[in-house]
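Participant:
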Amino acid sequence: MIDIHNHTTYSDGRNTVEEVIQSALKEGLQIVGISDHFDPYVAQEVCLQPEEVSVYLKEIRTLSEKYPIKVLAGLELGLQSEGILWPGEEMDYFIYSVHTVPGRPDLKTLENPWDIYLQEAISAVDLIDRPGFFGHLDFLRRHIPKAKPPKPGQLMDTLLMKLVSNHVGLELNTSGWMYGIGDPSPQPWVIERYIDLGGRFVTVGSDSHRASQIGNFTVKALSLLRQMGIKEVFYCENGSYIPVPIMEAK
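Residue 214 in full-length UniProt numbering sits at position 214 of the sequence shown, with consecutive numbering throughout.
1. Could you please give me the residues that DSSP links to CYS236 through a beta bridge?
2. Nearest to ILE84 by alpha carbon, out of GLY74, GLU18 and VAL98?
3. Three-state secondary structure (DSSP) at SER11?
4. Does the stretch 202-212 come into contact with the stretch 4-17, if we say contact requires no fewer than three beta-carbon pairs (one atom in each stretch) closer than 8 Å?
5. Quick one: grab the DSSP three-state call for ALA24.
6. In the DSSP output, what is ASP92 paired with across the bridge?
7. Express the C-alpha separation of GLN22 and LYS66 in angstroms, rounding to a whole number.
8. Nearest chain D C-beta to GLN119 closer than 7 Å, yes or no?
9. Going by DSSP, name the residue or residues bridged to VAL208.
10. Candidates PHE38, VAL101 and ALA24: which alpha carbon is nearest LEU63's?
11. Opposite LYS151 in the DSSP bridges: which residues?
12. To the nearest angstrom, how far is the alpha carbon of PHE133 from that of LEU140?
13. May I have a chain-ordered list of the alpha helix (DSSP H) segments no shorter than 4 residues that lie completely inside the stretch 104-164?
14. Mind the definition here: the stretch 87-94 touches the stretch 122-133 only if three or more C-beta pairs lie below 8 Å; say whether that holds.
15. In the DSSP output, which residue or residues are listed as bridge partners for ALA221?
16. Where in the stretch 24-101 do unbroken runs of the alpha helix (DSSP H), each at least 4 residues long, occur, reported from the N-terminal end onward?
17. Could you pull the start and end residues of the alpha helix (DSSP H) that GLY176 belongs to?
18. Distance, Cα to Cα, GLU120 vs HIS136?
19. Going by Cα to Cα distance, which pick from VAL125, LYS108 and SER123 is closest to ARG142?
20. Please list the terminal residues of the continuous alpha helix (DSSP H) segment that includes ASP196.
21. Relative to the C-alpha of ARG226, which residue among GLY180, ASN216 and LEU172 is closest?
Pasting the structure below:
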């Protein structure tokens, strides 16, 4: 199994990197990614700071040699059309997440913020030039009234086509199930549309903030992907996307 979206005490997680790895082993994961927040657009108390990146990376690399599991070093990068703050170290991968929209601090209070959100994401994706995955595409459902999802349409297609043309993967984030929304993030039809438009690089992440959440609903996510006809998921290492056959990732 695989889970590449996990937070530690380096950002807003409750457990250390080592505790996260130990929990991943306990859950039977084959691949675990550490992906703490690195985002100039949100409250800095929940983010890894630039001067901490080298220490963060060194700890992950050291612990990866200690345990019999593939441990990946990543970051959840804040993505906006205004720019990306890149770390000063080479990471295995990035989760690109649009958490806010410039000039719209009230986004989460809107009943239907999707046109605004998708337009911002479309503009921001062109800034991506390193391997990674667009994170929890419809995460605003956690915050807006009735968890209203985006609908199929030109804006969604444009975003997904941009991901494909820029060789950016798409995360199936299982936290929607954890938060009781009823669906993963994004909804399955978005994953299917990404594939229909030529996308290939699908991954799975729990968005864990506690060690007890690592690997949550991963089996359910892989089963869903198999039902869609998707035969492999991906992670990144040394600048390349690496496939993992889903049947081997059980």
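Think of the CB as a built atom: it goes at the ideal place given N, C-alpha and C, for glycine as much as any other residue.
Bear in mind that the values here come from a model prediction, so they are computed numbers and not experimental data.
Facilitator: The structure says:
1. Along the sequence shown, read from residue 1 onward, the residue named residue 236 stands at position 236. For CYS236, which the question treats as bridged, DSSP gives the partners TYR241.
2. For the purposes of this step, residue 84 is taken as residue 84 along the sequence shown, with counting starting at 1. Ranking GLY74, GLU18 and VAL98 by Cα distance to ILE84 puts VAL98 first.
3. The sequence position of residue 11 within the sequence shown is 11, counting from 1. SER11: coil per DSSP, three-state reduction.
4. yes
5. Your numbering for residue 24 matches position 24 in the sequence shown. Residue state, collapsed to three classes: helix.
6. Here residue 92 is taken as the residue at index 92 of the sequence shown, counted from 1. Looking at the DSSP output, ASP92 shares a beta bridge with no other residue.
7. The residue labelled residue 66 in the question sits at position 66 within the sequence shown. The residue labelled residue 22 in the question sits at position 22 within the sequence shown. Taking the straight line joining both Cα atoms gives about 11 Å.
8. Absent from the structure is chain D; it holds one protein chain and no more.
9. For the purposes of this step, residue 208 is taken as residue 208 along the sequence shown, with counting starting at 1. Checking the sequence shown, residue 208 turns out to be Ser, not Val. ASN6, per the DSSP bridge assignment.
10. Taking the sequence shown and counting its residues from 1, the one referred to as residue 63 is at position 63. For LEU63, the nearest C-alpha among the options comes from ALA24.
11. Within the sequence shown, the letter at position 151 stands for residue 151. Answer is none; LYS151 lacks a bridge partner.
12. By 1-based counting over the sequence shown, the position of residue 133 is 133. By 1-based counting over the sequence shown, the position of residue 140 is 140. So the alpha carbons of these two residues sit roughly 17 Å apart.
13. 114-125
14. yes
15. Indexing the sequence shown from 1 puts residue 221 at position 221. Beta-bridge partners assigned by DSSP to ALA221: none are found.
16. 53-64
17. Start at 1 with the first residue of the sequence shown, and residue 176 comes out as number 176. Where GLY176 is concerned, the enclosing alpha helix (DSSP H) stretches over 175-178.
18. Indexing the sequence shown from 1 puts residue 120 at position 120. Indexing the sequence shown from 1 puts residue 136 at position 136. The straight-line gap from Cα to Cα measures roughly 15 Å.
19. Mapped onto the sequence shown, residue 142 falls at position 142. Nearest to ARG142 by alpha-carbon distance, out of VAL125, LYS108 and SER123, is LYS108.
20. Locating residue 196 in the sequence shown gives position 196, where the first residue counts as 1. Taken as a continuous stretch (DSSP letters only), the alpha helix (DSSP H) holding ASP196 covers 188-196.
21. Along the sequence shown, one-based indexing puts residue 226 at 226. When only C-alpha atoms are compared, the closest one is LEU172.
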